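Participant: Sending over a structure as structure tokens; questions will come in a sec.
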Amino acid sequence: MADSMPSSPASPVGTLELGLCSTFPLPQPVFLEKGNTSVRLPSLALACEGAEALAAGANYIKLSGRVEQKKAADKLKSPEKPSSEMPDPQRGKGDWGKPKAAPRMQFPDSPLFRRWGKDLTEDQQIAAQELFTKYGYNVYLSDRLPLDRPLKDTRPPRCLKKEYSHDLPMLSVILIFFNEATSIILRAITSIINRTPSHLLKEIILIDDFSSNEELKGPLEDYIDNVNVKHPGLLKIVRHRERKGLTEARISGWKAARADVVAILDAHIEVNSEWAEPILSRIKEDHTVIISPVFDNIHFDDFQLTQYAEAADGFDWALWCLYESIPEDWYALKDQTAPIRSPSIMGILAADREFLGKIGVLDGGMHIYGGENVELGIRAWQCGGRVEVLPCSRIAHLERAHKPYLLDLSLAMKRNALRVAEVWMDEYKSMVYYAWNIPLENSGIDYGDVSSRKELRKRLNCKSFDWYIKNVYPNLVPQITIVGYGTMKNTLSENHCIDQGPVPGNTPIMYNCHGYSPQHMFYHSTGELFVGGLRSRRNTVDRCLTDSGKGQLPVIEQCDEATRKEQNMHWDFIQGSSIINRKTKRCLEIVKYHGSPYYTLVMQNCTGQKWFIQHIVKQWGQQEKGGG
Ligand code: UDP
Ligand code: MN
């Protein structure tokens, strides 16, 4: 039955169950609202996609044939001039620069070869693809680019005229990694050495989160020793004895750091011109600011740089990070260089070392990936600090095509999100449960011990999440009237769920239950019925089920439009009852037309069909009709 369903575009990908801020392009254009104008970000700017897609993307190729292997030792020669010694950029040119008879494409479906590598021989393609599968970015090319390659200066022009005091606090830069390519890490180090004034750079601390790559062991240490000959004590390395995940890696970096200010970065970055000075002078002014630089995107395939628009960092109720519009008062300043007040951070951060420690660094109970950035954002604000994005501090960040270390990010993310909800979100914590479609009681998810984080909150006398929402993140809209949520099934058919249907499009359908966000419904005590996940941010409108009163199909409309146009968007429903439109009095029902094996979702005179929604809030609908 499942195989013979009509092909539904109701794929879980790219609708609402968004992934991380640094992976794939969204299938739909993404807009940032600036005042009244929509600004389209560069295509990868939000780069959020379902974890399911990551899982699919990570596995799509089987390799065959001989694979080029370079000796680690070759790569890790003397760092005296880290720039040109390794790897040899000239070699690259020879490899793919000359036009030859076009080689056969070995991996026509691989994202690596969509716009890169047309001239590679078959063996080279195989080598490049194997590295790509292993790392999620083009290591074949990285190994052939200079370590000190120039980067376009992406700062707003006024930043270039800024003068920074010579007398700034010193900086420890922390690079965390788990099985990143060596040339990537060395390029990060090189950019930091070349683009940070030496009197401000105390140290670069590498945190190895128990990588298995051999070349990240002895050969990397040789490189470090060589750099330290020229710059005594500059490079340090701390190695985890077991894999701890990125949050603990960042904490280890903070623990090892000695300078007044820490910048905790991913290892696949290149810092841009004068990136450190804005951070250090801002922290000198106010040591309670947690800072995010602006990220530009290094393409995972050709390593070109795309400049991103400045934005604030926010999140949705699932706690996936996303870009937010810049607050109006920033525009009023008419100063492109001014700090942007931000509800949260993306991950990479800079802070006063002591202040970060005082407010609890990061939540060491987080696993592998995700949520730690939002936790810090909320905590900073609620506990006496603030978060800002600095337009003049730019870091080029390589957005991987897939994350080799975790096929399904959502598992770690969901668990970590519950820690944040339980510790910081008070009466709003149910929003996180709704967004992840998990029951409020007995969720079955072990989010670990949060008692020490709760104590921290008490000790620091932190403000409430209600204060945070109202004062810091009014764009995040709580949905306090939800009384039922999850998938919705009709008693006539156990295997089918209401699904938002093709996107773009506004006709809901019945589809095999898969339980991803296109099938997440939210019934409100007001009678509204949201379809296809929770957006719940101002300017990012939820979608409501309506009955136009005409024709036989129900219609999905943006809820704000539906309200404005007074569309029939209110429904009577309790668990196990019909779904009746309050205005038209028609019922949402399912029918099989003309002997078709498939159900169609229709509006018709009520025949007494019954519906169930997956989860209910408290005792809703069990005693009285209509909810409260
Ligand atoms: N990382 C780590 N341990 C892990 C997973 C990731 O140390 O278990 C490192 C990784 O090498 C990278 C940083 O954490 O330098 C952030 O990870 P990633 O870039 O995948 O996350 P994103 O950029 O999407 O936030
Ligand atoms: Mn990253």
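Residues 1 to 628 in UniProt numbering are what the sequence shown lists, from first letter to last.
C-beta atoms are modelled at their ideal positions from N, C-alpha and C, and glycine is treated no differently.
Keep in mind that this is a model prediction, so the values were computed, not measured.
What are the start and end residues of the alpha helix (DSSP H) that includes residue 125?
Facilitator: Residues 122-135.
Participant: Going by beta carbon distance, what residues of the same chain come within less than 8 Å of residue 611, once the five residues before and after it are set aside?
Facilitator: The answer, listed in chain order, is 488, 489, 490, 491, 573, 576, 577, 578, 579, 588.
Participant: If you follow the beta strand (DSSP E) that residue 569 is in, where does it begin and where does it stop?
Facilitator: Where residue 569 is concerned, there is no enclosing beta strand (DSSP E), given that its DSSP letter is neither H nor E.
Participant: At a threshold of 7 Å, does residue 296 count as lining ligand 2 (C-beta to nearest heavy atom)?
Facilitator: No, the Cβ of residue 296 stays beyond 7 Å of every heavy atom of ligand 2.
Participant: Which one or two residues does DSSP pair with residue 297 in a beta bridge?
Facilitator: Its beta-bridge partners are 306, 397.
Participant: Taking its Cβ as the centre, do 16 or more other Cβ atoms sit within 10 Å of residue 331, making it buried, or is it exposed?
Facilitator: The residue is exposed, with fewer than 16 neighbouring Cβ atoms inside 10 Å.
Participant: Decide if the region 385-397 is in contact with the region 279-298; the criterion is three or more beta carbon pairs, one per stretch, under 8 Å apart.
Facilitator: Output reads yes: the region 279-298 touches the region 385-397.
Participant: Roughly how many whole angstroms lie between the Cα atoms of residue 454 and residue 423?
Facilitator: Rounded to whole angstroms, residue 454 to residue 423 spans 6 Å at the Cα level.
Participant: Is it buried or exposed for residue 285, if we count other Cβ within 10 angstroms and need 16 for buried?
Facilitator: Exposed: under 16 other Cβ atoms inside 10 Å.
Participant: Tell whether a beta-carbon distance below 8 Å holds between residue 476 and residue 447.
Facilitator: No, Cβ-Cβ distance for residue 476 and residue 447 is not below 8 Å.
Participant: Pick helix, strand or coil for residue 546, following the three-state DSSP scheme.
Facilitator: Three-state DSSP puts residue 546 in a strand.
Participant: Please determine whether the Cβ atom of residue 153 lies at a distance below 7 Å from any heavy atom of ligand 2.
Facilitator: Residue 153: no, Cβ never under 7 Å from ligand 2.
Participant: Consult DSSP for residue 24 and reduce its assignment to one of helix, strand or coil.
Facilitator: Caution is warranted here: a pLDDT of 30 is assigned to residue 24, below 50, making its placement in the model unreliable, and the coordinate value is therefore given only provisionally. DSSP places residue 24 in coil when its eight states are reduced to three.
Participant: Are the C-beta atoms of residue 212 and some chain B residue less than 8 Å apart?
Facilitator: Within the model displayed, chain B is absent; a lone protein chain is all it includes.
Participant: Which same chain residues, not among the five before or five after residue 432, have their C-beta less than 8 Å away from its C-beta?
Facilitator: These residues qualify, in order along the chain: 317, 318, 319, 417, 418, 420, 421, 425.
Participant: Taking contact to mean 3 or more Cβ pairs, one atom from each stretch, closer than 8 Å, check whether the region 193-209 and the region 232-244 are in contact.
Facilitator: At 8 Å Cβ cutoff, the stretches touch.
Participant: What is the rounded straight-line gap between the Cα of residue 680 and the Cα of residue 142?
Facilitator: The chain is shown only over 1 to 628; residue 680 falls outside these bounds and no answer can be derived.
Participant: From 379, 601, 106, pick the residue whose C-alpha is nearest to that of residue 130; which is it?
Facilitator: Closest by alpha carbon: 106.
Participant: Can you tell me whether DSSP reads residue 431 as helix, strand or coil?
Facilitator: Helix.
Participant: Below 8 Å on the Cβ atoms is my contact criterion, and I expect residue 599 with residue 590 to pass it. Report the Cβ-Cβ distance as a whole number of Å.
Facilitator: Their Cβ separation, rounded to whole angstroms, is 4 Å, which keeps residue 599 and residue 590 in contact under 8 Å.
Participant: Go to residue 600, then tell me how far its beta strand (DSSP E) extends in each direction, as first and last residue.
Facilitator: Start and end: 599-604.
Participant: Kindly indicate which three-state DSSP category residue 592 falls into: helix, strand or coil?
Facilitator: Residue 592: strand per DSSP, three-state reduction.
Participant: Under three-state DSSP, which class holds residue 375?
Facilitator: Helix.
Participant: Would you tell me roughly how many angstroms separate the C-alpha atoms of residue 40 and residue 307, rounded to the nearest one?
Facilitator: In this prediction, residue 40 has a pLDDT of 28, which is less than 50 and means its spatial position is unreliable; what the coordinates show is noted afterwards. Each residue's Cα considered, the two are about 13 Å apart.
Participant: Could you check whether residue 177 and residue 263 sit closer than 8 Å to each other, using their CB atoms as the reference points?
Facilitator: No, Cβ-Cβ distance for residue 263 and residue 177 is not below 8 Å.
Participant: Which first and last residues belong to the beta strand (DSSP E) in which residue 189 is found?
Facilitator: No beta strand (DSSP E) holds residue 189; the alpha helix (DSSP H) holding it covers 182-195.
Participant: What is the DSSP secondary structure of residue 420, reduced to helix, strand or coil?
Facilitator: Here residue 420 sits in helix by DSSP.
Participant: With a threshold of 7 Å on Cβ separation, who are the neighbours of residue 342 within its own chain once the five nearest residues in sequence on each side are excluded?
Facilitator: Same-chain partners within the cutoff: 292, 312, 313, 387, 388, 389.
Participant: Any heavy atom of ligand 1 closer than 7 Å to the beta-carbon of residue 246?
Facilitator: True, at least one ligand heavy atom lies under 7 Å from that Cβ.
Participant: Using alpha carbons as the reference points, say which of 335, 536, 530 lies closest to residue 469.
Facilitator: Of the candidates 335, 536, 530, the one whose C-alpha sits nearest the C-alpha of residue 469 is 536.
Participant: Would residue 364 and residue 498 qualify as a contact pair, given that the criterion is a beta-carbon distance under 8 Å?
Facilitator: Cβ distance not < 8 Å, so residue 364 and residue 498 don't count as in contact.
Participant: Taking a contact to mean a Cβ-Cβ separation below 8 Å, would you say residue 478 touches residue 428 in this structure?
Facilitator: Taking 8 Å as the Cβ cut-off, residue 478 and residue 428 qualify as a contacting pair.
Participant: Note down the Cα distance separating residue 606 from residue 485, rounded to an integer number of angstroms.
Facilitator: If you take the alpha carbons of residue 606 and residue 485, they lie about 23 Å apart.
Participant: Could you check if residue 235 is buried or exposed, using at least 16 other CB atoms within 10 Å of its CB as the buried criterion?
Facilitator: Flag for residue 235 reads buried.
Participant: Could you tell me the alpha carbon to alpha carbon distance between residue 273 and residue 430, rounded to whole angstroms?
Facilitator: Roughly 43 Å between the two C-alpha positions.
Participant: State buried or exposed for residue 461, treating a residue as buried only when at least 16 other CB atoms are found within 10 Å of its CB.
Facilitator: Exposed.
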